[in-house]
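Residues in the sequence shown are numbered from -12 upward in steps of one, following my numbering.
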Amino acid sequence: MSILDFHINEGYVPMVDGSLVYHRGFGERRSIVSDVSPSLSMGPRVFTAAGDVVASRTYPLTAPPPPHGRPAPLQPDPANPGQYLVRKEYWASYFPDRTLVAETGSKIRIMVHNHLSQEHELRFHIAPAGGDKGTGAIAPGASTLLEFEAPPPGTYLFSDPGNEPVERTLGLYGALVVIDPANAWRLFPGGTEFERQWLWLCHDVDPNWARIASRGQTVNPASTPAVPRYFTLNGYSGFQSLAVTTNEEFNELREQDTLPSGHPRETDVRNFSASPSLGGVRTGQLMRMVNAGIVDHQLHYHGNHVWTVRANGYDFPRSGGSVSAEGDVLLQHWEDTVQLEPMDRKESLLPVRRPPEVLDPVWDARTEDWKYPMHCHAEPSQTAAGGLYPGGLVADWVLAAGAIPEPGLPGTVSGGHHQYRSQVEFASDQPHEGSPETEFRQRPDVSMVFDFFNRKLKVPNGPEIEFWSFEDERSGRGLPGPLLRLTEGQLFHGTVEPSKRVHTIHWHGIEPDPRNDGVGHTSFEVTGEYTYQWRPEVGVPGNPNRGSAGTYFYHCHVNTPLHVQMGMFGPIIVDPRVSSTAPPPKGTRRHSTDGPLYDIATETLIAPYSIDPRWHELNHAAGLSGDDAGLNRFEPKHFVLLGGTVPTRPRGDRIWAISAMRANVPRPGYEPTLVRMVNVDYFPTLTRFLDAAGNPAEIAELIAHDGRPFWNTPNPAGPAVQPSLAGQPLVTSVLKSGAAEKFDFLLRPQAAGRYTIAVDFLHWVTGQVLATRTVTVTAF
């Protein structure tokens, strides 16, 4: 039976800006600190059920690797023009460095050699599938054999837990992926089927901790708090992670193991394995997301929502969902922003579907690949060395265009993309355009002009601070920007007029074509004006794959960490079409096509937002030219709950904030009050619902997340049902939310009286409560 050797080494690693930072790592061979190319990570290895250890970047070992990482589909989908059926159980998947793949039935045997002057350990974090497996402390110069049976299929993390989380932050980490070879294209036997899979390892680097460790000293996380300056995905940041370097061989590796791509297909979250023809399926690609870092990451996908099916080894049910004591939703559901706390592991399916808000003529005319970003929405993670946005934890995924390649030929890929010699060149060279044309422009049903403004506004219980935001002809110069409200199926025009340098508008959670998505590096930035055009998808009763009714927000996507903090954002509400045969009673509205009724008069917005005054003194392009603007350090001093009653928002030049609201006690003739919560902060929050005595009160019924209703999907061939209508409401007294997440919930107080919604603002590294802001709820 084969044994894999791990070597605990040290050395210096170049960061995305060229700086050398001290690291430790589990390497393939022994190396010393002065080596030019120290061995600090292991190339992918496969532990087979036969007892072998195979060096392979792909798995299954006998499956063909997809060209450039992109699986070629089987054939055009006859039922969906411009889309494809994908091959069933055909393509291998690539894995990045620091990955161990183990087949079920295999025995993992690793000899760990400690070449450093301190004790170290290797530990596999396997709970709840079983107890953790580790070597215990390994003395300097010593070696220890670790062996254990492969745990159940899933995604696991391994690290050196010493001086937690210091050694992991210094680079001693990796991932274990366990796969059943008899079900190699499923998350587990009987589980979600996929076309191919991707592993994303998030990590954070603190050069100050690295300097201390390089001197042989011990880092004290309490006396030397972590301030990461580099944020990586599969070991790389910014232009390297995005594969736009001048090194084509390097770019090819990232296309294979980090940047998802595939031809569009129709997927159905009720049954990923539906086989419309022999050998073909309509399913997406599995995303295994692991946070080996020390900050709370928020992986935001543009272009498609993802369907999350597992977290930390717990398989989400398709019905009978609940909310955990920590405030997590335990039910398969849609997300556009996936929260990953340190050490978290989550699996989601990326549908690789036609973006739902794209117009038919735009889709029909598509001849090129469409590229969409994935980036962390805890925005300081988008910087490197305090600047160089987008320079941090970022990736792209690609919706392929073109015909199916002939057998044996490379897959269809786009060429001629701009390459960059450095992160500074990339970050400071985003494509700017004056007043570009809106392609296939149509007559809008709803239109708004978003004018840029900057002025000082008084913070509630605080000073006057300069803000930047958007206004229209009716709103006044307030914060947040004006509300955009429209109905499914309406064609929307949003015209941005920057008037001061360059800006864009990204419609967060709305998914049009890249030209109308508002991201510079995948389309352009606006210097004159541009009219964005999209149409929210119409819901279909019983269909969890259709419909855009819900809560979203818009924001500028230029130098995003700074511009969003400056206030360049506002809410979006998409309403369902009103049924002509069963319209809602007067004074009420449905949340979505199949959704519950709510009271229009008391509909409320709550948007947690905190302010770092130092950021509000920076210039428009701070950090884009390689200067250390300190955008990795977010140190808020003021904490606000933006919002209030939606129908009666006051106009004028002011910050719209909420401290009190009314709510209905549900009874005949009175529908419940709907709260739309949008986290526009950069740190996570914890929302607690309390009764008059300050005790937890289960009065919040969660009905939607990230613009999509929660669904029960137990029947692979039948209609889905929303939990509340299935008699399984997601009722809670506590709700966890990360940066940019959106939750819609109904308030259901059992009796008249006073209640409190308390929002704790948490630090993204320590979890410390930085502040608490409350809303007094008067139920009547």
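Ideal Cβ placement from N, Cα and C applies to all residues, glycine included.
The stretch 691 to 706 makes contact with the stretch 308 to 325; the number of CB pairs closer than 8 Å reaches 3 or more. One Cα belongs to Ile199, the other to Val153, and the distance between them is close to 11 Å. Straight through space, the alpha carbons of Ser579 and Arg601 are spaced by roughly 41 Å. Taken atom to atom, the span from the alpha-carbon of Phe556 to that of Cys543 is near 7 Å. Nearest Cα to Leu380 within the set Gly373, Ala387 and His362: His362.
Burial state of Gly610 is buried, judged by a 10 Å Cβ sphere holding 16 or more other Cβ atoms. Contact check for Lys94 and Glu134: beta-carbon distance about 6 Å, within the 8 Å limit, so the pair qualifies.
A contact between stretches requires three or more CB pairs, one per stretch, nearer than 8 Å, and the stretch 447 to 466 meets this requirement with the stretch 635 to 646. Nearest neighbour of Tyr143 by Cα position, chosen from Val164, Ile686 and Ala365, turns out to be Val164. Under the 10 Å beta carbon count, Val23 is surrounded by fewer than 16 other beta carbons and is classified as exposed. The beta carbon of Trp185 is closer than 6 Å to those of Pro247 and Met274 in its chain, skipping five residues each way along the sequence.
Between the stretch 720 to 738 and the stretch 331 to 347 there are fewer than three inter-stretch CB-CB distances shorter than 8 Å, so the stretches are not counted as touching. Taking the Cβ atoms as the reference, Phe626 lies roughly 11 Å from Asp599, outside the contact range of under 8 Å. Glu235 counts as exposed, since fewer than 16 other C-beta atoms from the protein chains shown sit within 10 angstroms of its C-beta. When C-beta atoms of the stretch 358 to 375 are compared with those of the stretch 277 to 292, three or more pairs fall below 8 Å, so the two segments count as touching.
Three or more beta-carbon pairs drawn from the stretch 3 to 10 and the stretch 215 to 233 are found closer than 8 Å, and the two stretches are therefore classed as touching.
Per DSSP, reduced to three states, the secondary structure at Leu611 is coil, with no helix or strand assignment.
Shown here, Thr425 sits in coil according to DSSP, grouped into three states, outside any helix or strand.
Taking 8 Å as the cut-off, the Cβ atoms of Val762 and Ser597 do not count as close. Boundaries of the alpha helix (DSSP H) harbouring His550: Thr547 to Gln552, taken from the DSSP string.
For Leu240, the enclosing alpha helix (DSSP H) has its first and last residue at Glu235 to Asp244. Per DSSP, Val349 is not a residue of any beta strand (DSSP E); the alpha helix (DSSP H) it occupies stretches across Asp347 to Asp351. Following the DSSP letters along the chain, one finds Asn195 in no beta strand (DSSP E) but inside the alpha helix (DSSP H) bounded by residues Pro194 to Ser201.
From the listed residues Thr270, Phe511 and Gly378, the smallest Cα separation to Asp614 is found for Gly378. The alpha-carbon of Pro634 is positioned some 17 Å away from that of Leu628. For the set Trp455, Leu471, Phe454 and Glu453, the Cα lying nearest the Cα of Arg461 is the one of Leu471.
Sequence-distant Cβ neighbours of Phe670 in its own chain, meaning closer than 8 Å and more than five residues away, are Asp283, Ala365, Ser597, Phe621, Pro623, Ala726, Phe748, Leu749, His750, Trp751 and Leu757.
Beta-bridge partners of Glu590 (DSSP): none assigned. Out of Pro706, Glu484, Glu355 and Gly534, the CA that lies nearest to the CA of Val513 is found in Glu484. In the DSSP annotation of this structure, Glu334 is not part of any alpha helix (DSSP H); the continuous beta strand (DSSP E) holding it starts and ends at Arg332 to Leu337.
Scanning the stretch 22 to 58 from its first residue to its last, no whole alpha helix (DSSP H) run of 4-plus residues comes out. The C-beta distance from Trp455 to Gly554 rounds to 6 Å, short enough to fall under 8 Å. With contacts defined by Cβ atoms closer than 8 Å, Gly161 and Thr86 form a contacting pair. Cα atoms of Glu242 and Gly128: separation of roughly 38 Å, rounded to the nearest angstrom.
Here Glu658 is near Asp586, since their CB atoms are less than 8 Å apart. Rounded to the nearest angstrom, the Cβ distance from Arg173 to Glu180 is 5 Å, consistent with a contact under 8 Å.
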